[in-house]
Amino acid sequence: MFPAAFDYSAPATLDEALAILGEHGDDAKVLAGGQSLIPLLKLRFAQPSLIVDIGRIPGLSGVDSENGTVRIGSRTRHRDVEAASQLRGRLDVLLAAAPQISDPLIRNVGTIGGSVVHADPQGDWGAVMLAVDAEFVLRSAKGERIGPADGFFQGPFTTAISPDEVLTTIRIPSPSGARTGGSYHKMERKIGDFATVATAVHVVLGDDGRITRAGIGLTAVGPHNIKAKEAEAALAGQEPSTELYAEAARLAAAAAEPNSDIRGTAEYKKDVVRVFVQRGLRDAVKRAQGANS
Amino acid sequence: MNVTVEVNGVEKSVDCEPRTLLVDFIRTKLGLTGTHIGCDTSNCGACTVLLDGTPVKSCTQLAAMAGGRKVTTVEGLAQGAALDPVQEGFHVEHGLQCGFCTPGMMLVGKALLEDNPNPTDDEIRWAISGNICRCTGYMNIVKAIQHAAATKAAVKEQPAEPAGVS
Ligand SMILES: Cc1cc2nc3c(=O)[nH]c(=O)nc-3n(C[C@H](O)[C@H](O)[C@H](O)COP(=O)(O)OP(=O)(O)OC[C@H]3O[C@@H](n4cnc5c(N)ncnc54)[C@H](O)[C@@H]3O)c2cc1C
Ligand code: FES
Ligand code: FES
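So the sequence lines, in the order shown, correspond to chains A and B.
Positions in the first sequence are counted from 1; adding 292 to them yields this note's numbering.
Positions in the second sequence are counted from 1; adding 559 to them yields this note's numbering.
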């Protein structure tokens, strides 16, 4: 298989890329790691007339933090997130999810930003972004805007980004010193497979041991990654307990809208959400408690 | 368009269409057919090459993306008549049957040992988890990479003695 013909440009600066995208609009497609786009080009599901390879633009990758915000460059590869040990104790859910994405060779190339913009309902990063309340910095030749993860994912492979925009940075609130924990539970048939079901959990504990904030994102159980808001609300301000986890897990399962397919029936997948969220909360709270004792 | 890459230590400059996949560039334009095409859908790893030392699936890269970078294929492993320790390991431990997955397996093994000279069996299995083998059952592939790790460690201790092929 090989793609339909296209023109190729590899701009050396972000401004240059944005100018090209502004000019070509819908006909152009941004290329990052290519681990989703190249398969689509080969199947000819995508037939852009121009590929804009952002792989040579400096300053788009890396993980750092400033004033209680963790910033992840959009072109940061899955394997670099996996290795970002500075996230331990702050954003454990990212470290838990990264090694479960695909296989080592895909993780050597695929990027977090590409994954977010690709918006595969079975993709893992979307659920994590919803759990941690990430914000996406979107740049075009006209300027910059910030899009919250909540509302960004609109349908299968559909997001709030416009064709002339580049996702440059992912920003995640992460006050230093807060007691946080996270977990990512994924069911896959084999390594390298997309999720049958996966759940992302991020919790913040207050000094009194209560849950200040809980974030829950769901993978592969709807037209896009889902934020389980009712479950999050039920956890906020509460004392952690097995009964509380069970109730939140029930609400998260109710938020899932899976289809029956070769990986399982809708009923089965909803129950996996319930079980995974329950385990995920237990693990995340345990990690958060451990961080301070 | 013109794409220039350093392939197995030699600079090559070749004209190709922008849509040319790296695997086709390597096999057809450079004539290096040791890099295989298995699934052609990013799943099997038969097309694995090293890009600046990192294993990637060349069926899922454009040749253009490799421009200005170093590509290592299986043909780049042996130095003259001397096999790379990874090749020697596959030979001694019988790490292949049909050999279709072997170029990819060896390149992943080589990259792993650069990062982690003394891996556990589990670390090897994790590293090759993007590469499918239909023949061996993986046991001998793990042993082959362990053999290479041991050879490299021995060579490091006694740099004067070259590793022979038994
Ligand atoms: C065999 C296989 C298994 C996989 N398994 C999983 C899995 O288990 N879980 C999972 O989550 N993913 C999986 N993936 C997908 C993988 O994670 C991709 O790396 C990821 O979805 C896309 O990242 P990329 O950098 O390769 O993006 P690309 O393929 O380059 O681009 C993807 C899309 O995003 C757009 N884009 C990319 N970067 C930007 C940007 N900065 N700004 C604007 N638009 C942009 C592109 O135009 C394109 O539409 C798998 C892929 C393969 C081939
Ligand atoms: S041919 Fe590239 S992964 Fe199978
Ligand atoms: S030796 Fe035949 S596929 Fe691995």
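Just so it is clear, CB atoms sit at the ideal spot from N, CA and C, and this is done for glycine as well.
In this text the structure is predicted, and so the values were computed from the model without any measurement.
Along chain A, which residues have their Cβ under 7 Å away from the Cβ of residue i?
| i | result |
| --- | --- |
| M624(B) | G326, D345 and G347 |
| E576(B) | A297 |
| M560(B) | Y300 |
| L672(B) | In chain order: nothing, as chain A lies at least about 14 Å away. |
Would residue i and residue j qualify as a contact pair, given that the criterion is a beta-carbon distance under 8 Å?
| i | j | result |
| --- | --- | --- |
| S341(A) | D319(A) | yes |
| G405(A) | L335(A) | no |
| G597(B) | G484(A) | no |
| A390(A) | G474(A) | no |
Which residue comes first and which comes last in the alpha helix (DSSP H) that contains residue i?
| i | result |
| --- | --- |
| V567(A) | A558 to G582 |
| R336(A) | Where R336(A) is concerned, there is no enclosing alpha helix (DSSP H), given that its DSSP letter is neither H nor E. |
| D681(B) | D680 to A686 |
| L527(A) | K521 to L527 |
| V385(A) | D384 to A389 |
| G405(A) | I404 to H410 |
| D345(A) | Segment L342 to D345 is the beta strand (DSSP E) holding D345(A); no alpha helix (DSSP H) there. |
| H494(A) | From DSSP, H494(A) is part of no alpha helix (DSSP H) but of the beta strand (DSSP E) over V489 to L497. |
| K482(A) | Careful: K482(A) lies outside any alpha helix (DSSP H) and carries neither H nor E. |
| F584(B) | Segment: none, F584(B) is in no alpha helix (DSSP H) and carries neither H nor E. |
For ligand 3, is there any heavy atom lying closer than 7 Å to the beta carbon of residue i?
| i | result |
| --- | --- |
| C598(B) | no |
| G606(B) | Gly is not the amino acid found at residue 606(B); the sequence shown has Cys there. Checking the Cβ of C606(B) against ligand 3 gives no. |
| T594(B) | no |
| T661(B) | yes |
| C692(B) | yes |
| E648(B) | In the sequence as displayed, the identity of residue 648(B) is Gly instead of Glu. G648(B) Cβ: outside cutoff for every heavy atom of ligand 3. |
| G658(B) | yes |
| T695(B) | yes |
Going along chain B in order, which residues have a C-beta closer than 7 Å to the C-beta of residue i?
| i | result |
| --- | --- |
| D372(A) | Those do not exist, as D372(A) stays about 11 Å from chain B at its closest Cβ, beyond 7 Å. |
| L397(A) | G604, T607, P614, V615, K616 and G689 |
| I393(A) | Result: empty, since nearest Cβ-Cβ is about 11 Å, beyond 7 Å. |
| V569(A) | Within chain B, no residue comes near V569(A); the closest Cβ sits about 27 Å away, beyond 7 Å. |
| I483(A) | S688 |
| P331(A) | T600, S601 and T619 |
| N551(A) | The premise fails here: N551(A) is roughly 22 Å from chain B at the closest Cβ pair, so nothing lies under 7 Å. |
Could you check whether the Cβ of residue i sits closer than 7 Å to any heavy atom belonging to ligand 2?
| i | result |
| --- | --- |
| S601(B) | yes |
| K334(A) | no |
| K616(B) | yes |
First and last residue of the beta strand (DSSP E) that includes residue i?
| i | result |
| --- | --- |
| V564(B) | N561 to V566 |
| P515(A) | Premise fails: P515(A) is in no beta strand (DSSP E) and is neither H nor E. |
| D299(A) | D299 to S301 |
| F445(A) | F445 to G447 |
| V377(A) | A small fix is needed here, since residue 377(A) is Ser in this sequence, not Val. S377(A) -> no beta strand (DSSP E), and no H or E assigned at all. |
| M479(A) | R471 to M479 |
Let me check understanding here. Comparing Cα to Cα, which of the options lies closest to residue i?
| i | options | result |
| --- | --- | --- |
| E569(A) | E531(A), M479(A) and E436(A) | The residue asked about is misnamed: residue 569(A) is Val in this sequence, not Glu. Among E531(A), M479(A) and E436(A), the Cα nearest to that of V569(A) belongs to M479(A). |
| A523(A) | L543(A), T534(A), T504(A) and H516(A) | L543(A) |
| T632(B) | I700(B), G654(B), P644(B) and K669(B) | K669(B) |
| V344(A) | V564(A), K321(A) and Q446(A) | K321(A) |
| L430(A) | E457(A), A520(A), L510(A) and D412(A) | E457(A) |
| L383(A) | I346(A), D412(A) and Y476(A) | Y476(A) |
| K715(B) | W685(B), P676(B) and D599(B) | P676(B) |
| A411(A) | L397(A), P532(A) and A452(A) | A452(A) |
| K629(B) | N561(B), V569(B), M560(B) and A713(B) | V569(B) |
Can you tell me whether residue i sits near ligand 1, meaning its C-beta is under 7 Å from at least one heavy atom of the ligand?
| i | result |
| --- | --- |
| T619(B) | yes |
| P331(A) | yes |
| I518(A) | no |
| S552(A) | no |
| T488(A) | no |
| T403(A) | yes |
Which chain A residues sit within Cβ distance under 8 Å of residue i?
| i | result |
| --- | --- |
| M664(B) | Residues of chain A passing the Cβ test: none, with the nearest at roughly 12 Å. |
Find the residues of chain A that neighbour residue i, judging by a C-beta separation of less than 9 Å, and give them in chain order.
| i | result |
| --- | --- |
| D583(B) | F294 |
| L589(B) | None at all; the shortest Cβ gap to chain A is about 17 Å. |
| L580(B) | M293, F294, P295, I330 and K334 |
Identify the contact partners of residue i in chain B, using a Cβ-Cβ distance below 8 Å as the criterion.
| i | result |
| --- | --- |
| V458(A) | Ordered by position in chain B, no residue passes the 8 Å Cβ test against V458(A), which lies about 17 Å from the chain. |
| N400(A) | T613, P614 and V615 |
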